[in-house]
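Order-wise, the sequence lines are chains A and B.
Using the working numbering, read the first sequence as starting at 1 and increasing by one per residue.
Using the working numbering, read the second sequence as starting at 247 and increasing by one per residue.
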Amino acid sequence: MTTSALHDTLPLPPHDTQHAAPPEPQGGALDLVLHGQAELDRQLLQPERLLGLTERLLALSVIGLVVHGAIIALVAAALADVSLTAAVAVPAALVVAFLAALAICLPSFWFYTQIAGLDASFRLIVVQALRVQATTSALLLGALPVFAAVALATRLGVGPEPETVLTIGLAMPFLVGLRGLSALRRSFRALVEVLPITHLRRPGFVSRLTLAWGAVYSAVAPVALWRALDLFDPELARVVLRALGG
Amino acid sequence: MGAGAVVLVLVVLGVAVAAARELRRAAPDPRGRAAVARDFVVTTLAWPFYLPLVLAGSESAPSSAPGGRRSTRAETARIDRAEADLDETLRALSGVALDALRAELPRLRGLAAGLRPWAERVATLDAELARPECDRAQLDRALAELSARGFGEQDARVVSVRARRASLERLVVLRAHAAEALERALLELEELTTELRVLRFAVEVPGDDALERLRHLAASVAAVRDAVLATRS
């Protein structure tokens, strides 16, 4: 890396000596996660922006999960005769499950990051975790037309079984979440240049760190989703269980 | 413990975090009561994501001095590492590379040591910012209180508190500039060490453009030396 390139990765000092917080940049959370990941990295290093980032990423995470849950509920009502109360229950189950799983995993995320040798604050870990969920939620919104097309094919008798379609819908956040993890890995690679380092690391440690984040979340989130679905909409939970051969 | 009890405990914790967030607010929220109520509800429901922010301090405060001190310790450790790496690399030089750089060796060995006063300056600024009278939240509260008591912008008390706040902001900027300069010099020093390592092997390869690399390295040495001298001034 050249010296000038290194300089480009450095956080800039505040420009205005009379004001504490620099003005918020234009663009919402959706812009940031879709094509502003580098800008998101820059904002992560400015503590005064972390609260705003947390709120915006949390809002995007909830919106994406609610819309995805509502579409799953509508598909369930159309294909599997599940009652329309699922239109409320499924979005609620998705939001509660994925955000609760994220919250439960936060201490582990921080611990793994410290072990990896990056002295990241807990606040930064929170925003990084929400960045993964927000990226997943944004991509879920983009993947919904594909899911709707598969559901429509089933309705016309040329697609997979209805139970399979619903299972695909519930599994989509996990599949799309891999893209969110990829964004996390890129972000940590950029942050390695500027975060305090507590000890020397072996090569490829960022990939292992990302893998550890993904592994612990993958262990917790499905259980949380199943429990939340069983709590909010037992009828749909039974349909999914049948599709899984239970 | 049943599900109801768990939910109750979580809600109580959420209310506590939301209340703490409101109490730690540096100044009254200019967005009005509706926004405050919305923040309270959101924080209650998603309290695990807000708890670290609440524990870190008031919402308007930038990075606090304790965090800065930890960062300075990390930078001091990094200077130690950079110095050890550079020393080891210089001792391993031989042949053409050693001949070309012999005149620069004393100055090269002093580069890392030249960064220590700068790290001390950052630490001193951190200590200054950690003093109670440099508490930005307290100054904001004082301003809000004076405003609530009806004192205008021209009042001597308001002017005095504003002047203190402006001085504090200047200190924060000075600290940011000092830390940035130190970081840049450290990165350049680490880059130089890497180039020296590459050179050590490059000159051993027949037909390689080692002389060109040597010239490039000499220019880098001069640039790093200038950068370190600039941090001393």
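From the three backbone atoms N, C-alpha and C, an ideal C-beta is built for every residue, glycine too.
Keep in mind it's a predicted model, so treat the numbers as computed, not measured.
Where does residue i fall in DSSP's three states?
i, result
"residue 339 of chain B", "coil"
"residue 351 of chain B", "helix"
"residue 32 of chain A", "helix"
"residue 60 of chain A", "helix"
"residue 118 of chain A", "strand"
"residue 292 of chain B", "coil"
"residue 249 of chain A", "Missing from the structure shown is residue 249 of chain A; chain A here goes from 1 to 246 and no further."
"residue 109 of chain A", "helix"
"residue 397 of chain B", "coil"
"residue 157 of chain A", "coil"
"residue 214 of chain A", "helix"
"residue 23 of chain A", "Residue confidence for residue 23 of chain A is low, a pLDDT of 43 falling below 50, so the modelled location carries little weight; the figure read from the coordinates is stated next. If DSSP states are grouped into helix, strand and coil, residue 23 of chain A belongs with coil."
"residue 311 of chain B", "With a pLDDT of 42 at residue 311 of chain B, under the threshold of 50, the modelled position of that residue is not reliable, and no figure is offered here."
"residue 52 of chain A", "helix"
"residue 222 of chain A", "helix"
"residue 254 of chain A", "Since the displayed chain A opens at 1 and closes at 246, residue 254 of chain A lies outside it and no answer follows."
"residue 278 of chain B", "coil"
"residue 238 of chain A", "helix"
"residue 465 of chain B", "helix"
Is it buried or exposed, residue i, if we count other Cβ atoms within 10 angstroms and call 16 or more buried?
i, result
"residue 236 of chain A", "buried"
"residue 292 of chain B", "buried"
"residue 99 of chain A", "buried"
"residue 386 of chain B", "buried"
"residue 421 of chain B", "buried"
"residue 462 of chain B", "exposed"
"residue 206 of chain A", "buried"
"residue 395 of chain B", "exposed"
"residue 225 of chain A", "buried"
"residue 279 of chain B", "exposed"
"residue 413 of chain B", "exposed"
"residue 94 of chain A", "buried"
"residue 445 of chain B", "buried"
"residue 43 of chain A", "buried"
"residue 382 of chain B", "buried"
"residue 7 of chain A", "Residue placement at residue 7 of chain A is poorly supported in this model, since its pLDDT is 36, which falls under 50; the coordinates still yield a value, given next. So residue 7 of chain A counts as exposed."
"residue 372 of chain B", "buried"
"residue 38 of chain A", "exposed"
"residue 111 of chain A", "exposed"
"residue 447 of chain B", "exposed"
"residue 165 of chain A", "buried"
"residue 406 of chain B", "exposed"
"residue 239 of chain B", "What the structure shows of chain B is the stretch from 247 to 479, and residue 239 of chain B is not part of that stretch, so it cannot be assessed."
"residue 366 of chain B", "exposed"
"residue 354 of chain B", "buried"
"residue 102 of chain A", "buried"
"residue 326 of chain B", "exposed"
"residue 288 of chain B", "buried"
"residue 440 of chain B", "exposed"
"residue 359 of chain B", "exposed"
Span of the alpha helix (DSSP H) holding residue i?
i, result
"residue 37 of chain A", "37-44"
"residue 81 of chain A", "Looking at the DSSP string, residue 81 of chain A is not in any alpha helix (DSSP H), and its letter there is neither H nor E."
"residue 194 of chain A", "Run containing residue 194 of chain A: none; DSSP gives neither H nor E here."
"residue 384 of chain B", "382-394"
"residue 376 of chain B", "Note, residue 376 of chain B: premise wrong, no alpha helix (DSSP H); not H, not E."
"residue 260 of chain B", "249-269"
Rounded to whole angstroms, how far is the Cβ of residue i from the Cβ of residue j, which I believe are closer than 8 Å?
i, j, result
"residue 296 of chain B", "residue 54 of chain A", "7 Å"
"residue 176 of chain A", "residue 136 of chain A", "5 Å"
"residue 146 of chain A", "residue 57 of chain A", "So it is not a contact: roughly 24 Å between Cβ atoms."
"residue 194 of chain A", "residue 32 of chain A", "Residue 194 of chain A to residue 32 of chain A, Cβ: 18 Å. No contact."
"residue 78 of chain A", "residue 155 of chain A", "6 Å"
"residue 300 of chain B", "residue 267 of chain B", "5 Å"
TODO: Could you list the residues in the stretch 215-230 of chain A with a C-beta less than 7 Å from some C-beta on chain B, going in chain order?
DONE: Correct list: empty, as no residue qualifies.
- [ ] Please name the residues in the stretch 109-124 of chain A whose beta-carbon is closer than 8 Å to at least one beta-carbon of chain B, in chain order.
- [x] Answer in chain order: 119, 121, 122 and 123.
Open item on the list: What are the residues in the stretch 46-59 of chain A lying within 7 Å of chain B by C-beta distance?
Closed with: Answer in chain order: 47, 48, 50, 51, 54 and 58.
Open item on the list: Using a Cβ-Cβ cutoff of 9 Å, what residues of the stretch 96-107 of chain A are near chain D? List them in chain order.
Closed with: The chain labelled as chain D is not found among the protein chains of the depicted structure, namely A and B.
- [ ] Below 8 Å between beta carbons is the criterion; list the residues of the stretch 351-366 of chain B that meet it against any residue of chain A, in chain order.
- [x] Answer in chain order: no residues at all.
- [ ] Anything in the stretch 256-289 of chain B with a Cβ closer than 8 Å to a Cβ of chain A? List those residues in chain order, please.
- [x] Legend: CB atoms of the stretch 256-289 of chain B lying less than 8 Å from CB atoms of chain A belong to residues 288.
Task: Residues of the stretch 126-138 of chain A with Cβ closer than 7 Å to any Cβ of chain B, in chain order - done: Going along the stretch 126-138 of chain A in chain order, one finds 126 and 130 with a Cβ nearer than 7 Å to chain B.
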